[in-house]
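Protein chains: 2
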Amino acid sequence: MVTLAEVAQHAGVSASTVSHVLSGKRSISATTRQRVEQSIRELGYHPNAGARALAGKRSNIIALMIPLRTDMYVPVMMEIAIAAAATARTHGYDVLLLTGEEGPDAMILMDVELEDQRLPLLRQTDRPSVLIGLPADTDGLTCVDLDWSATGALCVEHLAALGHRDVAVIGEAPAVYERHTGFAERTLDGLRSRARETGVRVLHRPCDGGYDAMAVTLARILDERPATTGFVVQNESAVEPLLALLRQQGRAVPEDVSVVAVCPDQVAVQASVRLTSVAIPAQEMGRYAVEHLVAKLDGRGGDEVVLIVPELTVRASSGPAPAAS
Amino acid sequence: MVTLAEVAQHAGVSASTVSHVLSGKRSISATTRQRVEQSIRELGYHPNAGARALAGKRSNIIALMIPLRTDMYVPVMMEIAIAAAATARTHGYDVLLLTGEEGPDAMILMDVELEDQRLPLLRQTDRPSVLIGLPADTDGLTCVDLDWSATGALCVEHLAALGHRDVAVIGEAPAVYERHTGFAERTLDGLRSRARETGVRVLHRPCDGGYDAMAVTLARILDERPATTGFVVQNESAVEPLLALLRQQGRAVPEDVSVVAVCPDQVAVQASVRLTSVAIPAQEMGRYAVEHLVAKLDGRGGDEVVLIVPELTVRASSGPAPAAS
DNA sequence: AGAAGCTGTCGAAGCGCTTCGACTGCTTTT
DNA sequence: AAAAGCAGTCGAAGCGCTTCGACAGCTTCT
Chain A
551 MVTLAEVAQH
561 AGVSASTVSH
571 VLSGKRSISA
581 TTRQRVEQSI
591 RELGYHPNAG
601 ARALAGKRSN
611 IIALMIPLRT
621 DMYVPVMMEI
631 AIAAAATART
641 HGYDVLLLTG
651 EEGPDAMILM
661 DVELEDQRLP
671 LLRQTDRPSV
681 LIGLPADTDG
691 LTCVDLDWSA
701 TGALCVEHLA
711 ALGHRDVAVI
721 GEAPAVYERH
731 TGFAERTLDG
741 LRSRARETGV
751 RVLHRPCDGG
761 YDAMAVTLAR
771 ILDERPATTG
781 FVVQNESAVE
791 PLLALLRQQG
801 RAVPEDVSVV
811 AVCPDQVAVQ
821 ASVRLTSVAI
831 PAQEMGRYAV
841 EHLVAKLDGR
851 GGDEVVLIVP
861 ELTVRASSGP
871 APAAS
Chain B
551 MVTLAEVAQH
561 AGVSASTVSH
571 VLSGKRSISA
581 TTRQRVEQSI
591 RELGYHPNAG
601 ARALAGKRSN
611 IIALMIPLRT
621 DMYVPVMMEI
631 AIAAAATART
641 HGYDVLLLTG
651 EEGPDAMILM
661 DVELEDQRLP
671 LLRQTDRPSV
681 LIGLPADTDG
691 LTCVDLDWSA
701 TGALCVEHLA
711 ALGHRDVAVI
721 GEAPAVYERH
731 TGFAERTLDG
741 LRSRARETGV
751 RVLHRPCDGG
761 YDAMAVTLAR
771 ILDERPATTG
781 FVVQNESAVE
791 PLLALLRQQG
801 RAVPEDVSVV
811 AVCPDQVAVQ
821 ASVRLTSVAI
831 PAQEMGRYAV
841 EHLVAKLDGR
851 GGDEVVLIVP
861 ELTVRASSGP
871 APAAS
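Now the structure itself:
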């Protein structure tokens, strides 16, 4: 292992000079700088992160708290994690995967609940953090999330504009509502209030992923509201079952019924019908989270809540409502 | 921040004594130990990882190299990552997410290719590592993977036992074969050789995920081998499209055709037909990887290749071949 | 009874790095 | 021409921890 001292010796300067070349915190003459950089390259020097953290009082590590449960939006989580790791690297940080509770200096929390248990502790430490997701009270916190309320609104709006008057919302699994993760409720709120404005009737049903659960849910929906012609699906793993069931019942998409999904674009284009969807910008969230965190660590930027504006992409699963018969 | 020195003072002992209580590398009297532990608790002491790494010459950090591309087996990757992180914690290690090339002391590589670019570097450093996946040459390496060859064999065997004589294999996306990730080829090898033994005819077609690609592939298969009654699907994202297409063509599962998938159990039970499948033991692999790594770091255990024995679970998608007509 | 061996504790060195104060030799100001 | 300022460099201290050698006070062996 090559140390800073060895580099210094090789370049014929003192250790502190090398350190200053590295950090740029003191001016160094061009010739000295070049000599040092040359030595660093020749010796293949890599600073020791531990020593750096010790002496410099900062760890250059960002913790990413991922939920242990793997029952939901796994692809989304993964994308966020990868984007976060990649972004962190460009800022000289590394990302630590945390499944437990305690962590290092700076952290990103995923899967935040409305009344998240971790918030009180977060607020009282001065470690910077960024939440992905919005708790009930965002005071003193930095959060990034998709604007779920606007997402919901966008979905009905699209269907309303196409003439649909009865819309069913296939929600997340009941467990998600019980956990009060917030985004599900917010979507629904946005959706309902826009529905009121546009004169659309909305029926909401939570639904577990998978074919069987979807079958039951769909039957109930069509039983209660036989005139339903529009579906908004928030649960990724309910999309394909829904399409299969509709097909099976002879309801053509998009001629008879329209489906709007909230899911990553990748899912939308791989479905059996190319789905009109509002994208979940996982990568963007991951990137934002890290960038805000780095800014905070540098003393720049304070608390803020960033809501990403949703975008709806029209694909093949939505069309004009059939003429009322 | 509470330091070891403060704990020592509070407990009325020297710093080294506290350190020994923590590490257990020297015997400490019960009374002293208790006093120290008490102080640790009262003061809320947490060792500084950086200092520890510096002094102890070991970082307690395991790097997990995840592939940047998010086009494949994302749920599997995620499960592995989470299992690895959780296991690492129980051994006092943390997991660092690496998307780039260089890393810390110990690492886990995912998504290993047959002739992986990273291997030469790996072999020449003495940093312990574990690969998830099998390269062509495993000499001097520790690897964990599902026994894909046996997996393939298991799939045909099951279909053969049910009387199927013509089996089609829906493979991974062509890109996977081009990248030579190995597992796809191995599965096929195992499958073919067992097919030969059991007198089953096999037709293999790579297939991108999604509905459209599957439709094309299926049409080609049925065109070439109209008598096909068994399907082995290795590409997770082709499963649901296949089921939808079969349904659409009036081929009942499992009465007319049987389908065996290779996918995580969760996917198998959420599909529109509960799938007979060979599970991909993602969590197990993650756990194994970390445990081997920790053993190596402790100087125990050398290089070895662990192939996890596949298990086939019979569900509702496979049954006796229809009587030849 | 003395030698030998334990056990439990301490002090000090040092891990690789950052940073602060100090110093040197200039250039600029008054 | 002396004072003041500055760019560029160095030395030393110290971050929080582990670990090694030393040693005091016992117990056990011969």
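Protein sequence lines, in the order shown, are assigned to chains A and B. The opening position of the first sequence corresponds to residue 551 in this note's numbering, with each subsequent residue numbered one higher. The opening position of the second sequence corresponds to residue 551 in this note's numbering, with each subsequent residue numbered one higher. Virtual Cβ for every residue (Gly too), placed ideally from N, Cα, C. Owing to the predicted nature of the structure, the values given are computational and were not obtained by experimental measurement.
So the alpha helix (DSSP H) ARG797 of chain B belongs to, where does it begin and stop?
Note, ARG797 of chain B: alpha helix (DSSP H), 786-798.
I'd like to know if ASP644 of chain B contacts chain A, where contact means its C-beta is closer than 7 angstroms to some C-beta of that chain.
True, the Cβ-Cβ gap to chain A drops below 7 angstroms.
Give me, in chain order, the residues of the same chain whose beta-carbon lies closer than 6 angstroms to that of THR731 of chain A; leave out the 5 immediate sequence neighbours on both sides.
Its chain contains GLU663 as the residues whose beta carbon lies nearer than 6 angstroms to that of THR731 of chain A, once the 5 sequence neighbours on both sides are disregarded; these appear in chain order.
Please return the same chain residues whose Cβ sits closer than 6 angstroms to the Cβ of GLU707 of chain B, not counting the five positions on each side in sequence.
Same-chain partners within the cutoff: ARG744.
In whole angstroms, give me the CA-to-CA distance for VAL819 of chain A and ALA873 of chain B.
Distance between the alpha carbons of VAL819 of chain A and ALA873 of chain B is about 39 angstroms.
The stretch 853-864 of chain A / the stretch 683-694 of chain A touching (three or more Cβ pairs under 8 angstroms)
A contact exists between the stretch 853-864 of chain A and the stretch 683-694 of chain A.
Rank B:GLY740, B:MET835, B:GLY869 and B:GLY849 by C-alpha distance to the C-alpha of ALA635 of chain B and give the top, closest one.
Closest by alpha carbon: B:MET835.
Which same chain residues end up closer than 6 angstroms to PRO831 of chain A when comparing Cβ atoms and leaving out the 5 residues on each side of it in sequence?
Contacts found: ILE858.
Under 7 angstroms, Cβ to Cβ, is there at least one residue of chain A near TYR761 of chain B?
For TYR761 of chain B, at least one C-beta of chain A is nearer than 7 angstroms to its own C-beta.
Just verifying my parser: in three-state terms, what is the DSSP assignment at LEU772 of chain A?
Residue state, collapsed to three classes: helix.
So the beta strand (DSSP E) TYR826 of chain A belongs to, where does it begin and stop?
It should be pointed out that residue 826 of chain A corresponds to Thr in this sequence rather than to Tyr. Secondary structure note for THR826 of chain A: its beta strand (DSSP E) is the uninterrupted segment 826-828.
Per-residue DSSP class, three states only, for LEU681 of chain A
Reduced to three states, the DSSP call for LEU681 of chain A is strand.
Listed from N- to C-terminal order along the chain, which residues in the stretch 806-838 of chain A have their beta-carbon within a distance smaller than 8 angstroms of any beta-carbon of chain B?
Under the 8 angstroms Cβ criterion, the stretch 806-838 of chain A contributes GLN816, VAL819, GLN820, ALA821, SER822 and VAL823.
For ARG585 of chain A, which three-state DSSP category applies?
In this structure, ARG585 of chain A counts as helix in the three-state DSSP scheme.
Using a Cβ-Cβ distance cut-off of 7 angstroms, determine whether GLY657 of chain B contacts chain A.
Sequence check: residue 657 of chain B is Met here, not Gly. For MET657 of chain B, the answer is no, since every Cβ of chain A falls outside 7 angstroms of its Cβ.
How about ALA839 of chain B and SER827 of chain B: are their beta carbons less than 7 angstroms apart?
Judged by beta-carbon spacing, SER827 of chain B lies beyond the 7 angstroms limit of ALA839 of chain B, meaning their Cβ atoms are not closer than that value.
Counting only runs of 4+ residues fully inside the stretch 592-633 of chain A, write out the alpha helix (DSSP H) ranges in chain order.
Correct list: 599-606.
For the putative contact between ALA866 of chain B and PRO804 of chain B, defined by C-beta atoms under 8 angstroms, what is the C-beta separation to the nearest angstrom?
With a contact defined as Cβ atoms closer than 8 angstroms, ALA866 of chain B and PRO804 of chain B qualify at about 7 angstroms.
Beta-ladder partner(s) of SER808 of chain A, from DSSP
According to DSSP, which records beta bridges pairwise, SER808 of chain A is partnered with A:GLY780.
Taking only the alpha-carbon atoms, compute the straight-line gap between GLY749 of chain A and LEU709 of chain A and give it to the nearest angstrom.
Straight-line Cα distance between these residues: approximately 11 angstroms.
Taking CYS705 of chain A as part of the alpha helix (DSSP H), name the residues at either end of that continuous run.
Run containing CYS705 of chain A: 698-711, per the alpha helix (DSSP H) assignment.
Alpha carbon of VAL557 of chain B to alpha carbon of MET764 of chain A, nearest angstrom
If I take the Cα positions, the gap works out to 58 angstroms.
What does a CB cutoff of less than 6 angstroms around ALA633 of chain A pick up in its chain, not counting 5 residues either side in sequence?
Excluding residues up to 5 positions away in sequence, GLN833, GLY836 and ARG837 lie with their Cβ nearer than 6 angstroms to the Cβ of ALA633 of chain A in the same chain.
Could you please give the first and the last residue of the uninterrupted alpha helix (DSSP H) stretch that includes VAL645 of chain B?
From DSSP, VAL645 of chain B is part of no alpha helix (DSSP H) but of the beta strand (DSSP E) over 644-648.
What three-state label does DSSP hand LEU691 of chain A in the structure shown?
Three-state DSSP puts LEU691 of chain A in coil, outside helix and strand.
Counting contacts by CB-CB distance shorter than 7 angstroms, is GLU854 of chain B in contact with chain A?
At a cut-off of 7 angstroms between beta carbons, GLU854 of chain B makes no contact with chain A.
Answer with buried or exposed for LEU825 of chain A, where buried requires no fewer than 16 other C-beta atoms within 10 angstroms of its C-beta.
Around the beta carbon of LEU825 of chain A, 16 or more other beta carbons sit within 10 angstroms, so the residue counts as buried.
Let me check understanding here. Comparing Cα to Cα, which of B:VAL783, B:VAL680 and B:VAL568 lies closest to GLY851 of chain B?
Its Cα nearest to that of GLY851 of chain B, the residue B:VAL680 stands out among B:VAL783, B:VAL680 and B:VAL568.
Test: MET615 of chain A CB closer than 7 angstroms to a CB of chain B:
Taking Cβ atoms only, chain B never reaches closer than 7 angstroms to MET615 of chain A, which makes this a no.
Whole-angstrom Cβ separation of HIS570 of chain A and LEU593 of chain A, contact assumed at under 8 angstroms?
Not confirmed; about 18 angstroms, so no contact.
Closer than 7 angstroms, CB to CB, is VAL624 of chain A near chain B or not?
Yes, VAL624 of chain A counts as interfacial toward chain B.
Can you have a look at HIS714 of chain B and say buried or exposed, based on whether 16 or more other CB atoms are within 10 angstroms of its CB?
HIS714 of chain B comes out buried.
Let me check understanding here. Comparing Cα to Cα, which of B:THR581, B:ILE578, B:ALA555 and B:MET628 lies closest to TYR595 of chain B?
Here the closest residue by C-alpha is B:ALA555.
Assuming LEU738 of chain A is part of the alpha helix (DSSP H), what are its boundary residues?
LEU738 of chain A: member of the alpha helix (DSSP H) spanning 733-748, first to last residue.
Would you identify the three-state DSSP class for LEU664 of chain B, choosing helix, strand or coil?
DSSP places LEU664 of chain B in coil when its eight states are reduced to three.
Where does ASP853 of chain B sit, in a helix, a strand or coil, going by DSSP?
DSSP places ASP853 of chain B in coil when its eight states are reduced to three.
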